[in-house]
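Chemist:
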DNA sequence: CGTATGACGTGCA
DNA sequence: GTGCACGCCATAC
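Numbering (our numbering), first residue to last: 5 to 93.
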């Protein structure tokens with residue numbers, strides 16, 4: 005645990021948090037930022053995901069505070085559709 | 001080290 | 001209700 009010699013950067017934290025999001029649940033960038041400890045760094049959160057979106061990370065479960073899907077793969081793909089497919093209204 | 005960028009958020013007109 | 005501009009944080013170059 006605890007990252008000893010491993011440098012945990014904001015990106016690592018964000019990825020971990022996003023990966024912890026259960027199916028049928030979505031979080032806003034601000035929420036994720038708050039979970040990482042930087043409630044005002046929602047900007048960095050989007051930046052991290054934007055540059056380091058992994059296939060194991062449901063970044064599509066991360067939406068905007070407006071309830072909009074925001075973006076996924078540098079685009080909009082069918083984020084809203086896939087979310088609905090998972091059980092997110 | 002400084003600048004630029006980015007999948008955002010909020011406020012105001 | 002919609003559109004524009006500014007602000008914030010971290011990473012990359």
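Glycine included, each C-beta is placed from N, C-alpha and C at the ideal position.
Closest to residue 61 by C-alpha separation, out of 18, 12, 13 and 14, would be which residue?
Modeler: Here the closest residue by C-alpha is 18.
Chemist: Restricting to Cα atoms, I'd like to know which of 90, 47 and 59 is closest to residue 74.
Modeler: Of 90, 47 and 59, the residue nearest in Cα terms is 47.
Chemist: Give the DSSP bridge partners of residue 67, in chain order.
Modeler: DSSP output for residue 67 lists 32 as bridge partner(s).
Chemist: Nearest CA to the CA of residue 77: which residue from 69, 58, 13 and 14?
Modeler: Measuring from the Cα of residue 77, the nearest candidate turns out to be 58.
Chemist: Less than 8 Å between C-beta atoms, sequence neighbours within five positions excluded: which residues of the same chain meet that for residue 52?
Modeler: Here the set comprises 14, 15, 18 and 19.
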